[in-house]
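Sequential numbering of the sequence shown, starting at 419, is according to my numbering. Backbone N, C-alpha and C define an ideal beta-carbon position, used for all residues, glycine too. From a predicted model like this one, the values you see are computed outputs, not experimental measurements.
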Amino acid sequence: MERQSTGAVAGVDSSFDQLNRDWYIDKAVQILVFLGGISAIVFIIGIFIFISKEGFGFLVGDFNFREFFFSPNWRPTSESRETFGILALIAGTASVTGLAMLIAIPFSLGAAIFIAEFASGKTREFLKVTVELLAAIPSVVWGFIGLAIMNPVIIQTFDVPVGLNVLNAGVILGLMAAPIMTSIAEDALKAVPDRYREAAEAMGATRWQVIYKVVLPAAKNGLLGAVLLGVGRGFGETMAVLMATGHSINIPTSVFDSVRALTATIAAELGETAAGSSHYQALFTIGIFLFVITFIINLAADLIVRGIRKG
Numbered sequence: 419m420e421r422q423s424t425g426a427v428a429g430v431d432s433s434f435d436q437l438n439r440d441w442y443i444d445k446a447v448q449i450l451v452f453l454g455g456i457s458a459i460v461f462i463i464g465i466f467i468f469i470s471k472e473g474f475g476f477l478v479g480d481f482n483f484r485e486f487f488f489s490p491n492w493r494p495t496s497e498s499r500e501t502f503g504i505l506a507l508i509a510g511t512a513s514v515t516g517l518a519m520l521i522a523i524p525f526s527l528g529a530a531i532f533i534a535e536f537a538s539g540k541t542r543e544f545l546k547v548t549v550e551l552l553a554a555i556p557s558v559v560w561g562f563i564g565l566a567i568m569n570p571v572i573i574q575t576f577d578v579p580v581g582l583n584v585l586n587a588g589v590i591l592g593l594m595a596a597p598i599m600t601s602i603a604e605d606a607l608k609a610v611p612d613r614y615r616e617a618a619e620a621m622g623a624t625r626w627q628v629i630y631k632v633v634l635p636a637a638k639n640g641l642l643g644a645v646l647l648g649v650g651r652g653f654g655e656t657m658a659v660l661m662a663t664g665h666s667i668n669i670p671t672s673v674f675d676s677v678r679a680l681t682a683t684i685a686a687e688l689g690e691t692a693a694g695s696s697h698y699q700a701l702f703t704i705g706i707f708l709f710v711i712t713f714i715i716n717l718a719a720d721l722i723v724r725g726i727r728k729g
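See below:
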């Protein structure tokens, strides 16, 4: 009897120790997951504090709102008078991003519709993997394609002196933004309940009528979120834009004009600028402006996507 009692007690103690170990492991995993979840927020706040600190001196000193946002003259190294106007840089960024979206949106929505509504089995899986592989191509590779391939093609096709221009960068940026837009748009289309399609087909609607009049309106918020994320992707791109635009300070009047983007300006000039100078701080002020714009775009996309999920 004593041996049985001793064995029972030992079994209870062993089970209790196992429960304690499981509890500690569970708590440790929860803490690790929590730290991983908030790390992105901490890093973003840290980045914003850093760029704000570096650009604060310019904001309280040489910053002139009217000149900074409405002057096309970016002459930070002028010996007579330093000028920090980013209007031409904003125009260059907007023109390239706008053209990229005109190219990317039709291709992305078309690919998403085909993958979600027409492709099946291995074809769908192959296309989804291909889209994800396109998204994994480094920016510098796309920039090299624009510099080495698109440049001579544009010169020969349109008989222009320079092929590094808005058209070149817009095509490259459109191809870069298309994969992420396709993935998000395809998820939005797949989120539409099948009963919507079945009800429309039961009323005699064709496949295209179901897509155009039922699926696309039901997924419009998710599709808009995909477009906004593509805009944010294009607005914040650096290396490919730097290599494909021609890097010329200019307000474009056609797609064949060379331009300079905001991100490319920071990448090209920051390494050769004296730390703490007005030029250095002005570049970080551009960084603050870019941070705010991309934050607004991504926040809007997130709110739109959350809206369709709740709906």
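Backbone secondary structure at residue i - three-state DSSP
i	result
T656	coil
G664	strand
V610	coil
M419	The predicted position of M419 is uncertain, since its pLDDT is 48 and thus under 50; a value taken from the coordinates is nonetheless stated next. Here M419 sits in coil by DSSP.
S538	coil
M519	helix
T712	helix
A636	helix
P524	helix
S672	coil
G694	coil
F481	coil
A687	Sequence check: residue 687 is Glu here, not Ala. Helix, per DSSP.
V427	At V427 the pLDDT is 49, less than 50, meaning the model places this residue with poor confidence; the figure from the coordinates comes in the next sentence. If DSSP states are grouped into helix, strand and coil, V427 belongs with the helices.
E497	coil
A512	helix
A623	coil
I465	helix
Residues that DSSP places opposite residue i in a beta bridge
i	result
W492	F502
V677	G664
Closest Cα partner of residue i within the set the options
i	options	result
A679	V571, T656, I563 and A618	T656
N482	L505, L517, F709 and I573	L505
V547	I598, L660, E485 and A509	I598
A530	A603, A554, S489 and L477	A603
S513	P611, S672, M661 and I555	S672
G758	S457, A522 and Y442	Residue numbering for the chain in the displayed model covers 419 to 729; residue 758 lies beyond these limits and cannot be assessed.
F486	L552, S498, F502 and A623	F502
I462	I722, L721, A719 and I706	I706
A534	A595, A606, I714 and I467	A606
F674	A662, T681 and L477	A662
D480	R499, K638, T624 and F713	R499
A509	G561, E690, S666 and A719	S666
P494	L585, S457, E616 and E687	E687
F713	V677, L647, I573 and A693	L647
I590	V578, I567, P611 and Q574	I567
A682	S696, S695, F702 and A692	F702
E550	L520, I573 and T600	T600
D612	M594, G592 and A636	A636
A553	Q627, V677 and G592	G592
M594	R542, A518, K540 and A620	A518
Through-space distance from residue j to residue i, alpha-carbon basis
i	j	result
K608	A700	45 Å
T515	A446	45 Å
V737	V710	Nothing about residue 737 can be reported from this structure: the residues present for the chain run from 419 to 729 only.
G473	S489	19 Å
I684	S496	17 Å
A537	N639	23 Å
I465	L634	38 Å
A623	L450	51 Å
A718	R439	44 Å
H697	T691	7 Å
P556	F476	33 Å
G654	T511	9 Å
N586	F452	43 Å
G694	G650	29 Å
V610	L642	15 Å
In chain order, what are the residue ranges of uninterrupted alpha helix (DSSP H) at least 4 long that sit wholly in the stretch 555 to 609?
557 to 563, 569 to 576 and 584 to 608
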